[in-house]
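Residue numbers for the sequence shown, in my numbering: 160 to 451. Even glycine gets a Cβ: it sits at the ideal position worked out from N, Cα and C. Since this is a predicted model, take the numbers as computed values, not measurements. Here's the structure, in structure tokens; my notes come after.
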Amino acid sequence: MSRSAASRANRRGEKPPAPEPLPAPAVDSHTHLDIVLSGFRPEDGQPPAHEDVDAEIAEAAAVGVPRLVQVGVDVGSSRWSAELAARHPNVLAAVALHPNEAGEGAATDDALAEIDRLAALPRVRAVGETGLDRYRTGPDGWAAQEASFRAHIRIAKERGVALVIHDRDAHEEILRVLEDEGAPEHTVFHCFSGNASFARACVERGFVLSFAGTLTFGNAGYLREAAALTPVEQLLVETDSPFLTPMPFRGRPNASRLVPHTVRALAEVTGVELEELCARLTATAERVFGSW
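Next up, the structure:
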């Protein structure tokens with residue numbers, strides 16, 4: 160999700176209480192800590208204080224989510240993500256220009272060169288979130304989105320890191336571009352939003368599907384069907400915090416410490432025992448992003 164909604168997301172309500180801790184560690188494979196902590200935009204002022212960031216990470220660890228992937232969506236947040244991962248042993252980074260940013264002209268040669276530079280850093284383990292968004296960006300921006308997506312795919316392959324995809328109302332177009340360019344070894348569909356048929360198409364191609372709090376929504380039966388047919392070794396969980404807060408706290412600010420709600424929902428959907436599922440999700444995260 161782009162940064163334009165950050166301030167609104169942080170005003171939606173009070174911080175939800177911490178859930179019951181998981182019986183084994185799990186990983187939040189996609190979070191935006193900079194947005195969680197005050198809707199920070201690099202061009203608007205100072206980044207969150209180290210102590211606030213560290214406290215947020217500690218709250219997640221206390222409920223069994225000790226490791227996170229912090230995701231950039233523009234040059235500023237990508238730099239911040241890389242810097243956080245460099246100083247904090249519990250955090251790895253992903254860097255990119257979000258497709259909605261690209262659709263507005265942000266994917267300049269200089270910006271893409273900076274993403275490429277950041278992607279070479281040792282604690283940056285993914286390029287993303289990149290992809291296509293046919294919901295928030297109108298047709299005038301689609302060509303720029305696709306060009307940016309293709310550039311990000313090439314960076315991920317050249318740097319030997321994972322690709323993290325934002326896909327909104329663009330399932331078939333995403334597959335077309337991946338087939339044209341050749342997908343990286345590790346390709347993750349962040350906040351998977353497709354139905355069972357699209358999930359099968361992704362699974363057959365070896366892609367990893369990451370499920371967010373949307374899995375718990377009452378109207379998301381199609382997502383639960385998709386998750387149920389996905390092999391456990393191709394599953395991840397995430398928050399996309401501060402967005403997509405799981406039930407029963409939908410509409411309030413999300414955070415990595417709420418991952419247990421989604422993990423428990425995924426255990427129910429897949430029929431995998433909770434402790435085993437945590438171990439398998441962690442193993443997949445380590446396969447995709449490397450060791451922390």
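Item: Which listed residue (Gly-297, His-311 and Phe-402) has its alpha carbon closest to that of Glu-273; Value: His-311
Item: Selection from Ala-442, Thr-398, Val-254 and Pro-248 that minimises the alpha carbon distance to Ser-188; Value: Thr-398
Item: Buried or exposed by the 16-neighbour rule on C-beta atoms within 10 Å, applied to Glu-476; Value: Given a span of 160 to 451 for the chain in the structure shown, any question on residue 476 remains unanswerable.
Item: Strand pairing of Gln-229, partner residues [DSSP]; Value: Thr-190 and Ala-252
Item: Own chain partners of Ser-163 with C-beta closer than 8 Å, once the 5 adjacent residues on each side are dropped; Value: Bear in mind that a pLDDT of 45 at Ser-163, under 50, signals an unreliable position, so the model cannot answer this.
Item: Cβ pair count under 8 Å reaching 3, the region 436-451 against the region 248-266; Value: yes
Item: Asp-299 to Ile-333 span [Cα, whole Å]; Value: 18 Å
Item: Distance CB(Ala-285)-CB(Ala-245) smaller than 8 Å; Value: no
Item: Per-residue burial, Ser-415 [other beta carbons within 10 Å of its own, 16 or more giving buried]; Value: buried
Item: Through-space distance from His-330 to Phe-357, alpha-carbon basis; Value: 7 Å
Item: Assigned exposure category for Thr-190 - 16 Cβ within 10 Å defines buried; Value: buried
Item: Residue from Glu-218, Leu-192 and Arg-309 whose Cα sits closest to the Cα of Pro-206; Value: Leu-192
Item: Buried/exposed call for Arg-335, threshold 16 Cβ in 10 Å; Value: exposed
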